[in-house]
Structure formats: structure tokens, C-alpha cells
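Asker: Could you have a look at this structure, given as C-alpha cells, before my questions?
Residue numbers (this note's numbering): 466 to 709.
This is the structure:
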């Protein structure tokens with residue numbers, strides 16, 4: 466990343482931070498506050514809006530509802546209160562357990578507890594993937610309001626990672642309806658062949674803010690285990706939601 470890209474990224478982050486902390490701002494307000502010209506300001510706002518970090522409301526811009534939710538004090542609680550529950554989950558099932566949050570059009574891992582097998586799913590805090598690929602992302606998308614979901618789907622590019630990945634908007638939306646009804650999502654080798662993942666939503670004040678997931682090789686985390694694992698995940702997600 467060159468110096469120009471770093472400077473541009475920094476300006477975008479400063480704008481995002483200002484919108485998270487304060488009242489909605491007009492384009493001219495942002496130009497004046499950060500001493501930017503109109504074309505640069507418009508380009509930064511356009512990028513932040515398209516990636517889901519902010520939203521436009523008439524002539525003003527504000528942080529998106531999802532971004533505001535996760536940027537609140539629940540951020541710290543989500544990072545630390547969940548660890549005992551996540552550790553217990555990983556120990557019981559034997560596979561790697563994760564917490565993930567929606568981050569623009571992607572889902573980002575914020576906590577990981579490794580499973581106890583030598584061959585297991587590996588991920589690090591900060592890893593991200595397209596929301597429609599993972600059980601993480603799908604279960605969060607499924608529990609958004611209709612308005613939020615439609616906005617996401619309008620901006621989401623359906624990248625195809627494997628032959629199992631959903632790449633049709635209509636089919637994905639029907640799939641999300643099923644996920645909402647059953648209360649959990651499955652990534653059935655949609656992100657990577659040979660890897661399966663099951664996830665359940667985490668709520669804060671009635672809004673979905675994250676997901677808890679178990680991931681492992683398809684030969685171990687097979688379909689015969691879906692019912693038992695999904696039940697345990699829903700219990701864990703309810704416990705975490707209660708802690709928050």
C-alpha cells in the first residue's frame with residue numbers, strides 16, 4: 466500500500482469515526498471539517514456507503530445501523546464475555562469455535578477458540594470473508610430487518626468460491642428465509658471444499674449483532690451431526706445474548 470492509499474484510508478476512517486460519534490453530516494460539513502475538496506469527499510462517502518459502513522438519508526450521511534450497533538459498548542463485552550462460553554463449546558464438540566460480526570459486505574472473525582484435533586479448521590481474529598459464503602454471514606443476514614437485508618443484497622456481489630456457493634440472489638434470499646425460521650445456518654462446503662460450518666445468531670436488545678459458529682472438516686462435522694451441533698450452538702448463542 467503506497468502513501469497515497471494510506472492517506473486515503475486514513476481520511477475515510479476519520480470520516481467514519483466522526484459519523485459514528487456525532488450527528489449526521491452533510492457533504493459540505495465533512496468537506497469543511499476535514500479540509501477536503503468536493504470530489505475527494507464525494508468519492509470517500511460513496512465508497513463508505515457502497516461497502517455498508519454509512520448510509521445516506523436525504524442530504525446527510527450517518528453511520529449504518531449495523532455499524533452503530535457493533536461500535537457501542539457491546540463491542541468490548543462481545544470480545545471478552547463470550548470467551549468462557551466459546552471455550553466450553555469448543556471442548557464439548559471438539560471443533561474450532563468462532564465469534565463473527567458483519568463488517569461492511571463481509572463477516573469478520575473477532576474471537577477464536579481452537580478445537581482439540583490435530584487436523585482442524587484454522588482462522589485468526591481479523592480474518593474476513595464475503596457474507597454470503599459463510600454460515601456466520603448467512604445467519605446474520607437472515608436475522609436482519611427486511612429493509613436492512615434488501616440494502617445488503619442490493620450491494621452484495623455474489624462471488625462463487627465453490628460449486629456449492631449461492632450465486633443467485635433470489636435463491637439466496639429463499640435460503641435466508643429458511644435460516645431465519647430454523648434459527649441456524651450451515652456452510653456446506655460453500656467457502657471451501659472439505660470444510661463445513663454451522664452458526665447461530667447473537668442478539669443485543671433484539672437486534673442481531675454477531676454469530677457464534679463451529680467449523681471443521683466435513684468428514685467429522687458431517688450432516689448426521691447437524692441437529693445436535695445446531696441445538697448446542699443455539700443454546701450457546703442464547704447464553705451469550707443473555708450475558709450481553
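All C-beta atoms, glycine included, are put in the ideal place defined by N, C-alpha and C. This one's a predicted model, so the numbers in the text were calculated from it and none came from an experiment.
Leaving aside the five residues before and after residue 558 along the sequence, list all residues of the same chain whose C-beta is less than 7 Å from its C-beta, in chain order.
Answerer: Taking the first residue of the chain shown as 1, we reach residue 558 at position 93. The answer, listed in chain order, is 679, 694, 697.
Asker: With H, G and I counted as helix, E and B as strand and the rest as coil, what does DSSP make of residue 619?
Answerer: Along the chain shown, one-based indexing puts residue 619 at 154. Residue state, collapsed to three classes: helix.
Asker: Of the residues 636, 623, 643, which one's Cα is nearest the Cα of residue 656?
Answerer: Along the chain shown, one-based indexing puts residue 656 at 191. Residue 656 has its Cα closest to that of 623, out of 636, 623, 643.
Asker: Name the one or two DSSP bridge partners that residue 491 has.
Answerer: By one-based count along the chain shown, residue 491 stands at place 26. Bridge partners of residue 491: 525.
Asker: Per DSSP, what kind of secondary structure is residue 511 in: helix, strand or coil?
Answerer: Locating residue 511 in the chain shown gives position 46, counting from the first residue. Residue 511: helix per DSSP, three-state reduction.
Asker: Taking 8 Å as the limit between beta carbons, can you name the residues of its chain near residue 581, skipping five residues before and five after?
Answerer: Here residue 581 refers to the residue found at position 116 when the chain shown is read from its first residue. Excluding positions up to five away in sequence, the list reads 555, 556, 559.
Asker: According to DSSP, is residue 535 helix, strand or coil?
Answerer: Locating residue 535 in the chain shown gives position 70, counting from the first residue. Residue placement at residue 535 is poorly supported in this model, since its pLDDT is 47, which falls under 50; the coordinates are not used for a value here.
Asker: Within a Cβ cutoff of 6 Å, which residues of the same chain sit near residue 651, ignoring the five residues on either side of it in sequence?
Answerer: Locating residue 651 in the chain shown gives position 186, counting from the first residue. 600, 663, listed in sequence order.
Asker: Cβ of residue 608 within 8 Å of Cβ of residue 666?
Answerer: What you label residue 608 is simply residue 143 of the chain shown in a count that begins at 1. What you label residue 666 is simply residue 201 of the chain shown in a count that begins at 1. Contact: yes.
Asker: Check whether the Cβ of residue 511 lies closer than 8 Å to any Cβ atom in chain D.
Answerer: Note that chain D does not occur in the displayed structure, where there is just one protein chain.
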